[in-house]
Structure formats: structure tokens, C-alpha cells
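Colleague: Mind looking over this structure? Questions follow.
In the working numbering, the protein residues as written are 110 to 486.
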């Protein structure tokens, strides 16, 4: 059985988080079970973009602080690293409050810049991942619980995509992002290249709606932890009320027969369900109803069966972030406004995810809109 520990933590007050993390790890054997003295321990938070902690876009700095202190308590050397979707890791770490915690605790900041090629184990033959991520003695995964417009949920497995450095993220979106199932398989293959020793999920303040960058912060008041990232994700999705058919990453893991991909293999410990006061998350905008269609129909009807990004001109500041983050180069500025080439657009929604002004909305294709009306009727 794969243990997933749950713990109620009502706020980000430092002492409350510190005690909550200690209680969370106790049923798993404590931090000493995962870290030995002298080991270099990479802690990998979610540093998606340069937003303040209250926006719920990044892992909260107080959760990071508690984990660093636990690692140091048992004699480990704490490293903190990630590669954000756009911009420098240092800028994102500074804006999110992460850098201050690193400096205050004496941990080492290791932005992901250098890469090392590693062979894949499935559909994809090779990946280039961050060198510190691959070479640390231990890996602690520290994601934020958020909804995700492409994958429905971003938690433990999805957070490891941060080991893909800089512009290579866009390249992978271009290579696999037009097909949600294929993209999920890629994420699972990245996960298998370096499985975390421990996963701790920040869901004290989560994100719902159109996450992972443009959703709404919501109080959930929980921390999750476990050795098996797939198992932790499955429990998080269950408690968030996300239907199994929309869990692309978890379904890809199940198809591969990975440990932790079946609910009957998982034991929850720590808080009982009666103590949890579950908070079901509002799901992202339904952007795709192509499930089960044969390939030739998917290609022909893609624009009718999917949503597409559109600009809210009252919010857009023409900053160019969306242009830089668009994998297929489908956006340009012309005539003083954004223009989209929808023939090129792969519906990965990186533009919405990384827009600092929440200036991009979604417009349903004709058949997607009709499908929604029929469901409501």
C-alpha cells in the first residue's frame, strides 16, 4: 500500500506550517526516513511565474521554509531549484517570497540552467533535464495544488515538468501539446526519469478555475505528502472532486501500470476524512470535447471542438510575454493589438498561463459551444 498523509493547516503562519509539516511527515516516518546527514537535497517548488504568494500561483514560501528546516534538522544540505515558464528563476523566486526564505534559512539557490541528456523509457527517446535535478542525492517535490486548463490538475507529477529548462518547455508543448493524452504520457515519462523521494503538496491556499496561472485562489487548508507522486495526485484529485476521466496524467500512469495509479493501492493516514472539511475545486473552462474521436476527425474538426484564446483589449498591455511563451509562434502584435493564427495554435494555453495581466480569455468553437448547451439542457 502507498501511504498518503493528510494534515489540516488553516493558515501560513510560520509556526503553524512548521508544526503541520512535522505532523504530516510523522506517519511516513519523519524527514529522517528520507534524508541522511550530509546528503544534498534538492527541493523543487512550483515557480511558474513572478506572482506574490497570495496569488496562489507558486508554492508558498512558508511551506518551503518548513521543509528546508526539516531537511536541515536531520543534517541534510538544502538546495532549492526550478525553471519557471518565463523569466529568470531569481526574479520569480524574489517576487514570490521564495528567495527571501532561501537566504534566511541558509539554503542554496540552484536555478535550473545547465542540462544533461537522459534516455527516455517510452514514447520519447531522449530528454534534457536540469543537471541539479538529476544529480542531487535526494529530491523533494513541493508542488502547489492547482487546476490546469490543459491537464485539469497540476500537482506532483506535473510539477516535475519544471526540470525541463527554459525554452525546451515550449519545444515540448509544440511536440506533444496538441494531444492531451500524448502530453500526459510525456509528463509521466519525465517523472519516471527521476522519481521524487518525497512529495509534499501545498494546498493551504490552492487555485481553482482557469489555473495554473489565471485561476482564483481558494482556501483548502490542507497539506498532502507521500513517497509516490502518482498516489498523492490521485488522492488530491479525489478530494478536489475532479472526475477520473479528466485526469490525463493519472490515466496515463494507470495505462502504464505504474504503482500508485489505482485507488485500492493507496492508504490515507493522518487526518480522517471527517476532519478534512473538503473543498471541491471549480474546474477549468472545458476547452476540448474530442474524447474518443478518430484521428482524422480530430484534425478536421479541431477548431469547432476546442476553445481558442482571445484577447481582452481592456487588460492587454502588449507586454509581449504571450509572444515569447507561444510554442508554435502563433501570436503577433499588429495594428496595436494581439493577433492569433488559429491554424498554428495548438491549444496549449501557455499564453493564458503566463500572461501577467490576465488579459487572455477563451472562446468556444461552434461544436464545443453546442455540446455544452446540450449538456446543460
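All C-beta atoms, glycine included, are put in the ideal place defined by N, C-alpha and C.
With a threshold of 16 other CB atoms inside 10 Å of the CB of residue 110, please say whether the residue is buried or exposed.
Modeller: With a threshold of 16 other beta carbon atoms within 10 Å, residue 110 falls short and is exposed.
Colleague: Taking 7 Å as the cut-off, decide whether the C-beta atoms of residue 355 and residue 263 are in contact.
Modeller: no
Colleague: Assuming residue 347 and residue 112 form a contact by the criterion Cβ under 8 Å, report the distance between their Cβ atoms to the nearest whole angstrom.
Modeller: In fact, because the Cβ distance is near 15 Å, the residues do not count as touching under 8 Å.
Colleague: Relative to the alpha-carbon of residue 293, which residue among 225, 189 and 281 has its alpha-carbon at the smallest distance?
Modeller: 281
Colleague: Considering only C-alpha positions, which residue in the set 147, 134 and 175 is nearest to residue 126?
Modeller: 175
Colleague: Buried or exposed for residue 423, going by 16 or more other Cβ atoms inside 10 Å?
Modeller: exposed
Colleague: Are at least three pairs of beta-carbons, each pair with one atom in the region 312-330 and one in the region 236-251, less than 8 Å apart?
Modeller: No, the region 312-330 does not touch the region 236-251.
Colleague: Return helix, strand or coil for residue 361, following the three-state DSSP convention.
Modeller: In this structure, residue 361 counts as helix in the three-state DSSP scheme.
Colleague: Compute the Euclidean distance between the alpha carbons of residue 363 and residue 418, then round it to the nearest angstrom.
Modeller: Taking the straight line joining both Cα atoms gives about 31 Å.
Colleague: CA-CA distance, residue 399 and residue 329?
Modeller: Because the pLDDT of residue 399 is 46, which lies under 50, any placement of that residue in the model is unreliable, and the number read from its coordinates should be weighed accordingly. Taking the straight line from one Cα to the other gives about 32 Å.
Colleague: If you compare alpha carbons, which of 457, 153, 236 and 326 is closest to residue 207?
Modeller: 153
Colleague: How is the alpha helix (DSSP H) around residue 458 delimited, first residue to last?
Modeller: Looking at the DSSP string, residue 458 is not in any alpha helix (DSSP H), and its letter there is neither H nor E.
Colleague: Counting only the same chain and skipping the five closest in sequence on each side, list residues whose C-beta sits under 6 Å from that of residue 315.
Modeller: 254, 327 and 329
Colleague: Assuming the contact rule is C-beta atoms closer than 8 Å, residue 251 and residue 137 should be a hit. Round their C-beta distance to whole Å, please.
Modeller: With 8 Å as the limit, residue 251 and residue 137 do not qualify as a contact, their Cβ atoms being about 15 Å apart.
Colleague: For residue 463, which option in 118, 279 and 247 has the closest C-alpha, if you only look at C-alpha atoms?
Modeller: 279
Colleague: Just the C-alpha distance for residue 217 and residue 186, rounded to the nearest angstrom, thanks.
Modeller: 8 Å
Colleague: Could you tell me which uninterrupted alpha helix (DSSP H) segments, each at least 4 residues in length, are contained entirely in the region 174-224, listed from first to last along the chain?
Modeller: 198-205 and 207-214
Colleague: Should residue 120 be labelled buried (16 or more other beta-carbon atoms within 10 Å of its own) or exposed?
Modeller: Here residue 120 is exposed. Its C-beta has fewer than 16 other C-beta atoms within 10 Å.
Colleague: Between 298, 338 and 455, which lies nearest to residue 234 when the distance is taken from Cα to Cα?
Modeller: 298
Colleague: State yes or no: is the C-beta of residue 230 nearer than 6 Å to some heavy atom of the ligand HEM?
Modeller: In the structure shown, the ligand HEM is absent, as is every other ligand, since no ligand is present at all.
Colleague: Let's test the definition: count the other Cβ atoms within 10 Å of the Cβ of residue 114 and tell me whether it reaches 16, buried, or not, exposed.
Modeller: buried
Colleague: How many angstroms separate the CA atom of residue 458 from the CA atom of residue 146?
Modeller: 43 Å
Colleague: How would you write the range of the beta strand (DSSP E) that residue 116 sits in, first residue to last?
Modeller: 111-117
Colleague: Are the CB atoms of residue 227 and residue 236 nearer to each other than 7 Å?
Modeller: yes
Colleague: Identify whether residue 316 lies in helix, strand or coil by the three-state DSSP scheme.
Modeller: strand
Colleague: Tell me, please, which residues DSSP counts as bridged to residue 328.
Modeller: 314
Colleague: Starting from residue 126 and walking both ways along the alpha helix (DSSP H), at which residues does that stretch end?
Modeller: 123-134
Colleague: Run through the region 242-281 for me and flag every whole beta strand (DSSP E) of 3 or more residues, listed as ranges in chain order.
Modeller: Whole beta strand (DSSP E) segments, 3+ residues: 247-251, 253-257 and 261-263.
Colleague: Under the assumption that residue 394 contacts residue 258 (Cβ atoms under 8 Å), give the Cβ distance between them as a whole number of angstroms.
Modeller: 6 Å
Colleague: For a test of the three-state rule: what should DSSP assign to residue 235, helix, strand or coil?
Modeller: strand
Colleague: Measure the Cβ-Cβ separation of residue 190 and residue 210 and say whether it is below 7 Å.
Modeller: Against a cut-off of 7 Å, the Cβ pair of residue 210 and residue 190 comes out as no contact.
Colleague: Counting only runs of 3+ residues fully inside the region 418-467, write out the beta strand (DSSP E) ranges in chain order.
Modeller: 440-443 and 446-449
Colleague: Can the beta-carbon of residue 116 be found less than 7 Å from the beta-carbon of residue 379?
Modeller: Contact: yes.
Colleague: Which stretch, first to last residue, makes up the alpha helix (DSSP H) that contains residue 299?
Modeller: 289-302
Colleague: Can you name the residues that DSSP bridges to residue 375?
Modeller: Answer is 111, bridged to residue 375.
Colleague: Specify, as a first and last residue, the run of the beta strand (DSSP E) that residue 473 falls within.
Modeller: Going by DSSP, residue 473 is part of the beta strand (DSSP E) stretching over 469-473.
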